[in-house]
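This report refers to the structure that appears directly beneath it.
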Amino acid sequence: MLPSHPRAELDATADGPGVAALALPNARRAGTNIGGLRPLRAKRAPHPLRVAMLAPPWITVPPPGYGGIEAVVADLCDELVRVGHDVTLFACPGSHSLATVRPLLADAHPDEIGSALYEADHVAAAFAEIDAAAAAGTPFDVVHDHSGFAALAMADRLDTPMLHTLHGPFTPQTTAFYQRHHANASIVAISATQLATGPAALRASARVIPNPIRISAWPLELEHDDYLLWIGRMTEEKGPHRAIDVAARAGRRLVLAGPVQPGQETFFREHVAPHVDDDRVRYVGEVAGVEKQRLFGRAAGMLMPIRWCEPFGMVMIEALAAGTPVLAFPEGAATEIVVSGHNGFLVDDEREMAAAVERLGELDPATCRASVASRFDTAEVTAEYVRAYQAVAGMGLRAGRRPAPGVPDPRRAARPGVPDPFRVAARPATA
Ligand code: UDP
């Protein structure tokens with residue numbers, strides 16, 4: 003029987019594939035939490051914003067295990083509240099946050115990701131609350147949408163301006179969708195390579211804000227065990243089977259972690275499961291919390307043998323925050339996160355990745371951590387989003403719904419000559 007979402011028990015005393023069992027007998031663990039470098043009392047926002055944060059309806063915020071978008075939304079909400087903004091989080095039941103949480107549907111739907119039924123229901127309920135707030139004289143300044151497609155497609159029905167974060171890759175289908183609907187909102191891409199693959203009109207008006215990580219929440223591990231780690235969704239594009247090949251070529255033990263999502267059972271059964279022997283290759287299922295952090299932090303290196311245009315790849319910055327270097331193929335955002343010889347190695351194929359395993363010892367855990375602390379820490383990323391919200395809210399777009407095509411937009415005319423700082427700051431289109 004295939005485990006769909008097995009959660010690993012990584013305690014040394016547990017039966018089964020615990021990480022502790024992978025440690026060399028003499029391996030020392032030198033966990034050092036260098037959190038707290040940032041002052042706890044953040045500067046308060048001089049002009050607090052009212053933000054409606056729209057999470058997807060699938061997984062709770064924060065996620066109990068797998069869930070990159072939900073981890074981003076959780077961090078962002080907490081930091082916005084911490085610096086004085088008024089945030090309402092529309093999310094599935096069971097979510098919790100420093101923001102005011104408004105659960106919209108009866109249940110979370112982790113096994114029905116992408117179902118139009120639940121997404122439409124969730125978004126309609128959120129829009130009703132957002133409109134009701136405006137009608138009651140307490141409008142939100144901005145809706146920050148992470149929920150998929152329905153909200154963006156319908157954003158011009160809402161009086162409150164929307165900022166939409168692109169979380170997925172551009173495919174022929176999503177490119178056509180964004181060509182039609184991107185102008186309904188201000189668009190944020192999560193990596194430059196993601197944005198570069200989008201339609202030209204979207205590229206001309208969008209900006210890049212990377213995903214955040216709360217660095218202080220990740221202990222830095224200065225000493226590592228000898229196993230390699232692969233963690234993520236068990237899918238072809240993420241490459242757990244290629245990680246198995248790399249580990250075999252390098253003669254290293256491999257730990258695989260992550261859920262087998264609905265629809266991926268055959269891939270797992272045919273390409274991963276036959277190699278799991280609980281010795282050289284261990285599959286520990288879906289991991290979470292401190293066990294997950296320990297798994298990241300104690301690995302000699304994390305393997306990212308991806309074959310798709312990775313929009314971001316939270317697991318890369320998580321590994322680096324824990325002091326673990328990343329070996330990746332040069333696909334998508336890996337090219338922006340991994341700097342060869344500094345915090346990992348970018349290599350072209352399995353053979354090169356196996357060779358790079360031998361060079362992991364050249365890389366310094368503190369340098370790995372610093373490479374993400376300087377670019378992705380939640381405080382900086384949130385400040386970027388606040389600037390984006392201010393630009394969107396400052397447009398006066400709240401005074402009415404979007405006019406029919408060809409009709410001048412009175413909301414923009416109300417502020418003639420005022421440049422949209424959000425769009426001015428956007429990267430120019432390259433094609
Ligand atoms: N994750 C987790 N437990 C697992 C596997 C993954 O908590 O067993 C988390 C991982 O730490 C990361 C997220 O799920 O925060 C995956 O995000 P990423 O951007 O790497 O991948 P994607 O969103 O493309 O699946």
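Per our numbering: the sequence shown = residues 3 to 433.
Quick reminder that beta carbons are idealized off the backbone N, C-alpha and C, glycines included.
(request) Please list the segments of the alpha helix (DSSP H) lying wholly inside the region 114-158, counting only runs of 4 or more residues, in order along the chain. (result) 118-137, 152-155
(message) Let's see if you can read the secondary structure: which residues bound the alpha helix (DSSP H) around proline 367?
(response) Here residue 367 is taken as the residue at index 365 of the sequence shown, counted from 1. It spans 367-378 - the alpha helix (DSSP H) in which proline 367 sits, taken as one unbroken run.
(request) Return yes when the C-beta of methionine 304 is under 8 Å from any heavy atom of ligand 1, and no when it is not. (result) Sequence index remark: in the sequence shown, residue 304 carries index 302 (1-based). Methionine 304: no, Cβ never under 8 Å from ligand 1.
(request) Assign phenylalanine 347 to one of three DSSP states: helix, strand, or coil. (result) Taking the sequence shown and counting its residues from 1, the one referred to as residue 347 is at position 345. Of the three classes helix, strand and coil, the one that applies to phenylalanine 347 here is strand, per DSSP.
(request) Locate the alpha helix (DSSP H) running through tyrosine 180, then write down its first and last residues. (result) By 1-based counting over the sequence shown, the position of residue 180 is 178. First-last of the alpha helix (DSSP H) with tyrosine 180: 174-183.
(request) Express the C-alpha separation of alanine 368 and leucine 222 in angstroms, rounding to a whole number. (result) Within the sequence shown, numbered from 1, the residue matching residue 222 stands at position 220. Within the sequence shown, numbered from 1, the residue matching residue 368 stands at position 366. Each residue's alpha carbon lies about 8 Å from the other.
(message) If I follow the unbroken alpha helix (DSSP H) through phenylalanine 298, where does it start and stop?
(response) Within the sequence shown, residue 298 is the residue found at index 296, counting from 1. Start and end: 291-300.
(request) Identify, in the order they occur along the chain, each residue of the same chain with its Cβ nearer than 7 Å to the Cβ of proline 64, setting aside the five sequence neighbours on each side. (result) In the sequence shown, residue 64 corresponds to position 62, counting from 1. Answer for proline 64: Glu72, Ala73, Ala76, listed in chain order.
(message) Please report the straight-line C-alpha distance between serine 469 and histidine 166, rounded to a whole angstrom.
(response) This structure cannot settle anything about residue 469, because the visible part of the chain is limited to 3 through 433.
(request) Could you please give the first and the last residue of the uninterrupted alpha helix (DSSP H) stretch that includes isoleucine 319? (result) Taking the sequence shown and counting its residues from 1, one reaches residue 319 at position 317. Per DSSP, isoleucine 319 belongs to the alpha helix (DSSP H) from 316-323.
(request) State the Cα-Cα distance for the pair aspartate 280 and proline 105, rounded to the nearest angstrom. (result) Taking the first residue of the sequence shown as 1, we reach residue 280 at position 278. Taking the first residue of the sequence shown as 1, we reach residue 105 at position 103. Each residue's Cα considered, the two are about 41 Å apart.
(message) Going by beta-carbon coordinates alone, are leucine 78 and histidine 146 separated by less than 9 Å?
(response) Position 76 of the sequence shown holds residue 78. Position 144 of the sequence shown holds residue 146. Yes.
(message) Measuring only from the beta carbon, is proline 261 closer than 8 Å to any heavy atom that is part of ligand 1?
(response) As a position in the sequence shown, residue 261 is number 259, starting the count at 1. Indeed, a heavy atom of ligand 1 lies less than 8 Å from the Cβ.
(message) Quick check on the DSSP output: the alpha helix (DSSP H) that includes alanine 357 runs from which residue to which?
(response) Residue mapping note: residue 357 aligns to position 355 of the sequence shown, counting from 1. Run containing alanine 357: 352-359, per the alpha helix (DSSP H) assignment.
(request) Please report the residue range of the alpha helix (DSSP H) in which arginine 251 lies. (result) The count along the sequence shown starts at 1 and reaches residue 251 at position 249. Unbroken alpha helix (DSSP H) run through arginine 251: 242-252.
(message) Give me, in chain order, the residues of the same chain whose beta-carbon lies closer than 6 Å to that of tyrosine 285; leave out the 5 immediate sequence neighbours on both sides.
(response) In the sequence shown, residue 285 corresponds to position 283, counting from 1. Cβ neighbours of tyrosine 285 beyond the five flanking positions: Leu258, Val278.
(request) Give me whichever residues DSSP pairs with threonine 102 in a beta bridge. (result) The residue given as residue 102 occupies position 100 in the sequence shown. Bridge partners of threonine 102: Thr90.
(message) So, with DSSP's three-state summary, where would you put histidine 169?
(response) Locating residue 169 in the sequence shown gives position 167, counting from the first residue. Coil.
(request) Could you have a look at alanine 57 and say whether DSSP puts it in helix, strand or coil? (result) As a working mapping, residue 57 is identified with position 55 in the sequence shown. Three-state DSSP puts alanine 57 in coil, outside helix and strand.
(message) When you measure from the CB of isoleucine 233 to every non-hydrogen atom of ligand 1, does any distance come out below 8 Å?
(response) Residue mapping note: residue 233 aligns to position 231 of the sequence shown, counting from 1. The answer is yes for isoleucine 233.
(message) Which same chain residues end up closer than 7 Å to phenylalanine 142 when comparing Cβ atoms and leaving out the 5 residues on each side of it in sequence?
(response) Residue mapping note: residue 142 aligns to position 140 of the sequence shown, counting from 1. Within the same chain, phenylalanine 142 has close Cβ partners Arg52, Val53, Ala54, Ile132, Ala135, Thr162.
(request) Give the DSSP-derived three-state secondary structure of valine 190 in the structure shown. (result) Taking the first residue of the sequence shown as 1, we reach residue 190 at position 188. Of the three classes helix, strand and coil, the one that applies to valine 190 here is strand, per DSSP.
(request) Kindly indicate which three-state DSSP category glycine 265 falls into: helix, strand or coil? (result) By 1-based counting over the sequence shown, the position of residue 265 is 263. If DSSP states are grouped into helix, strand and coil, glycine 265 belongs with coil.
(message) Once DSSP output is grouped into helix, strand and coil, what is the label at alanine 259?
(response) Numbered from 1 along the sequence shown, position 257 holds the residue referred to as residue 259. Reduced to three states, the DSSP call for alanine 259 is strand.
(request) Give a single yes or no on whether glutamate 333 has its beta carbon closer than 8 Å to a heavy atom of ligand 1. (result) Indexing the sequence shown from 1 puts residue 333 at position 331. False, no ligand heavy atom lies under 8 Å from that Cβ.
(message) Please report the straight-line C-alpha distance between proline 264 and lysine 294, rounded to a whole angstrom.
(response) Taking the first residue of the sequence shown as 1, we reach residue 264 at position 262. Taking the first residue of the sequence shown as 1, we reach residue 294 at position 292. Looking at the two C-alpha atoms, the distance is approximately 22 Å.
(message) Rounded to the nearest angstrom, what separates serine 342 and alanine 336 at their Cα positions?
(response) One-based indexing of the sequence shown puts residue 342 at position 340. One-based indexing of the sequence shown puts residue 336 at position 334. Distance between the alpha carbons of serine 342 and alanine 336 is about 11 Å.
(request) May I ask you to report which of helix, strand or coil DSSP gives serine 218? (result) Position 216 of the sequence shown, counted from the first residue, corresponds to residue 218. It is helical.
(message) For histidine 344 and alanine 324, what's the separation of their Cα atoms in angstroms?
(response) Here residue 344 refers to the residue found at position 342 when the sequence shown is read from its first residue. Here residue 324 refers to the residue found at position 322 when the sequence shown is read from its first residue. Spanning the two alpha carbons is a distance of roughly 15 Å.
(request) With DSSP collapsed to three states, give me the class of threonine 34. (result) As a first step, residue 34 is located in the sequence shown; it is residue number 32 there, counting from the start. For threonine 34, the pLDDT reaches just 29, beneath the cut-off of 50, and the residue's location in the model is therefore unreliable, although a value from the coordinates is still provided. If DSSP states are grouped into helix, strand and coil, threonine 34 belongs with the strands.
(request) Compute every distance between the C-beta of phenylalanine 314 and the non-hydrogen atoms of ligand 1, then say whether any falls below 8 Å. (result) Taking the sequence shown and counting its residues from 1, one reaches residue 314 at position 312. Answer for phenylalanine 314: yes, Cβ within range of ligand 1.
(request) Report all residues from its chain with a CB closer than 7 Å to the CB of proline 112; omit the five preceding and five following residues, and keep chain order. (result) Counting from one through the sequence shown, the residue named residue 112 turns up at place 110. Correct list, in chain order: Trp60, Ile61.
(request) Provide the residue span of the beta strand (DSSP E) that contains arginine 284, from first to last. (result) As a first step, residue 284 must be located in the sequence shown, where it is residue number 282. Here the beta strand (DSSP E) through arginine 284 covers 283-285.
(message) I'd like the list of long-range same chain contacts for glycine 86, defined as Cβ closer than 7 Å, with 5 residues on each side in sequence excluded.
(response) Position 84 of the sequence shown, counted from the start, is the residue given in the question as residue 86. The answer, listed in chain order, is Arg46, Ala47, Pro50.
(request) Classify glycine 303 as helix, strand or coil using the three-state DSSP reduction. (result) Position 301 of the sequence shown, counted from the first residue, corresponds to residue 303. DSSP places glycine 303 in strand when its eight states are reduced to three.
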